Amino acid sequence: MDKAQLERVYRAEAPRITAALAARIGDVGLAADAVQDAFVEALEHWQDAPPPNPGGWLATTARRKAIDRLRRARAGQEKLALLAATATGTFPETEAADDDLLGMIFACCHPALPRESQIALTLRAVCGLTTAEIAAAFLAAEPAMTQRLLRARKALRAAGADMRIPDPDQLADRLAEVLAVVYLVFNEGYLASAGRQPARRDLAAQAVALTRLLHRLMPREPEVLGLLALLLLHESRAATRFDGWGRLVRLADQDRTRWNRALIAEATGLLDRALTQRASGPYQVQAAIAALHAEAPDYEHTDWRQIRILYDRLQELTPSPVVLLNRAVATRYVVGPEAALAEITPLAAELDGYRLFHALRAGLLTGLGRDDEAREASERALALAGNPAERELLARRLSF
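Residue numbers for the sequence shown follow numbering that gives the first Met the number 0, beginning at 0 and rising by one.
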């Protein structure tokens, strides 16, 4: 088994093994470290003769690594006793395994942790990324990320974080936190906030996989259905978002014949299922907006009037100046650029540091023939942009 095959096995098995181990010892960090130790040992021993049951081998080895770590720790005796009381080496393949994994996801997104730590711990324990990979995603040094993960684990222990699924009366608030973290992971993968890479396809794929997992574990939850539909609709356009030179392609200019129709069909089916439950939420509304873009024959014939109505609904659910900014894009096509400019002008104080505010304002001013003001707005957007592909697109506009 070569390294690439081993990594595929690890990605598939690590979340389940980590969750089961964490459920037994009550420590996400220790469980993740033990599974990572097992992976390192697999690299050393699987090259010539991989075991017939790789998942079982990793589970057994991870359990042994956890015992070794606990024996070296003064405070590990109680957890060691819990681990010793469980079945050796094997972990459940039934609904109990799903409960363990879902419990770990909720633990990683505990409200005691700051948002960046929630994301980092989720990537580490649930998605199986190494500390080095997470550090690269955050544009941080590996030692600094190691310390951040350690602080997150200590905070979970101090908060007495439960590795079980929250009680029903706590589930709604905690689920919203989990979905927000997953969506942030996807957005960073879809269009990186900074760094040399314009997109991190690995992070986007991890977020989609994690949302599919949540859907498998919570198949009737409307907002899980909504988020999965939203991510799949975005993913359906992934192949057309950059040209052959790595330049960002605007939605209006993308080749819609290359969009992944299978993903679009899957997403719209999920959205239909969510909407039948009549429990509207922000991810369902955003997915409905994305679906209207996916179903339009071209940019100009998009149902902008319906999109504008949906943004009104999204503003009711999650009031935000960014929602109003996006609504103004639809207003441009429904009413005109002057009306859209009037809508975003009151947002200037709140969104002055947001590159897309100035980029949209530049486009509206251009449509009104106010070229000098448009150029100034484009220069402001360029100064705020950190993504290389966005910077290139804005610079290209300035060159005309």
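We treat Cβ as the ideally placed atom computed from N, Cα and C, and that holds for glycine. Predicted, not measured: the structure shown is a model, and the values here were computed from it.
inquiry  = In whole angstroms, give me the CA-to-CA distance for L270 and R215.
reply    = 15 Å
request  = State buried or exposed for W244, treating a residue as buried only when at least 16 other CB atoms are found within 10 Å of its CB.
outcome  = exposed
7 Å Cβ shell around L5 - same chain, five flanking residues per side excluded = A41, L42 and W45
key: Validate contact between the stretch 353-361 and the stretch 331-344 using beta carbons, cut 8 Å, 3 pairs   = yes
message = From the DSSP secondary-structure annotation, give me the bridge partner or partners of F241.
response = L247
ask   = Where does Y353 sit, in a helix, a strand or coil, going by DSSP?
value = coil
task = Measure from the C-beta of H292 to each C-beta in chain B and report whether the shortest distance is under 8 Å.
result = Within the model displayed, chain B is absent; a lone protein chain is all it includes.
message = Residues in the same chain with beta-carbon distance under 7 Å from A384, minus the five sequence neighbours each way, listed in chain order, please.
response = R354, R390 and L393
key: Closest residue to A237 among R304, E222, R199 and L227 (Cα-Cα distance)   = R199
task = Give the secondary structure of A361 by DSSP, where H, G and I count as helix, E and B as strand, and everything else as coil.
result = helix
message = If I measure Cβ to Cβ from R396 and keep anything under 7 Å in the same chain, skipping five residues before and after, which residues do I get?
response = S377
task = Starting from the C-beta of T145, find all residues in its chain whose C-beta is less than 6 Å away, skip the five residues before and the five after it, and write them out in chain order.
result = T130
Beta-carbon proximity list for L128, same chain, < 6 Å, skipping 5 on both sides = L122
message = Classify R304: buried if its beta carbon has 16 or more other beta carbons within 10 angstroms, exposed otherwise.
response = exposed
message = To test your reading of the DSSP string, which unbroken alpha helix (DSSP H) runs of 4 or more residues are found completely within the stretch 115-184?
response = 130-136 and 141-158
First through last residue of the alpha helix (DSSP H) which encompasses G403 = It is not possible to answer for residue 403, since the shown part of the chain is limited to 0 through 399.
inquiry  = Taking 8 Å as the threshold (C-beta atoms), are V34 and A61 in contact?
reply    = yes
key: Limits of the unbroken alpha helix (DSSP H) element including E375   = D370 to L383
ask   = Is R326 near D311, with beta carbons less than 8 Å apart?
value = yes
key: Chain-order list of residues whose beta-carbon lies under 6 Å from that of R373 (same chain, five-residue window excluded)   = The question names Arg, but residue 373 is Ala in the sequence shown. Closer than 6 Å at Cβ, skipping near neighbours: A361, L364 and T365.
inquiry  = Please give the ranges of any alpha helix (DSSP H) in the stretch 275-325, keeping only runs that are unbroken, at least 4 residues long and fully inside the region.
reply    = 281-294 and 303-316
key: Exposure label - E294; buried when at least 16 CB within 10 Å   = exposed
inquiry  = According to DSSP, simplified to helix, strand and coil, what is V27?
reply    = helix
ask   = Which residues in the same chain have their Cβ closer than 7 Å to the Cβ of H109, if we skip the five residues on either side of it in sequence?
value = L155, A158 and A160
request  = Compare the Cα-Cα distances from F185 to each of A204, M103 and R147 and report the closest residue.
outcome  = A204
task = Measure the alpha-carbon distance for G416 versus L231 and round it to whole angstroms.
result = Lying outside 0 to 399, the shown extent of the chain, residue 416 is not represented and no answer is given.
ask   = Excluding sequence positions up to five away, which residues of its chain have a Cβ less than 7 Å from the Cβ of T17?
value = A30, A31, V34, M103 and A124
ask   = To the nearest whole angstrom, what separates the beta carbons of L367 and L346, a pair I think is in contact under 8 Å?
value = Not quite, the Cβ-Cβ distance comes to about 18 Å (not below 8 Å), so this is no contact.
query = Which same chain residues, not among the five before or five after I263, have their C-beta less than 7 Å away from its C-beta?
reply = L232, S235 and A293
inquiry  = Am I right that Q283 and L274 are in contact with their C-beta atoms under 8 Å? What's the rounded C-beta distance?
reply    = 7 Å
Classification of T330 by the beta-carbon crowding that lies within 10 angstroms, buried from 16 upward = buried
query = When we look at the beta-carbon of K153 and count the other beta-carbons within 10 Å, is it buried (16 or more) or exposed?
reply = exposed
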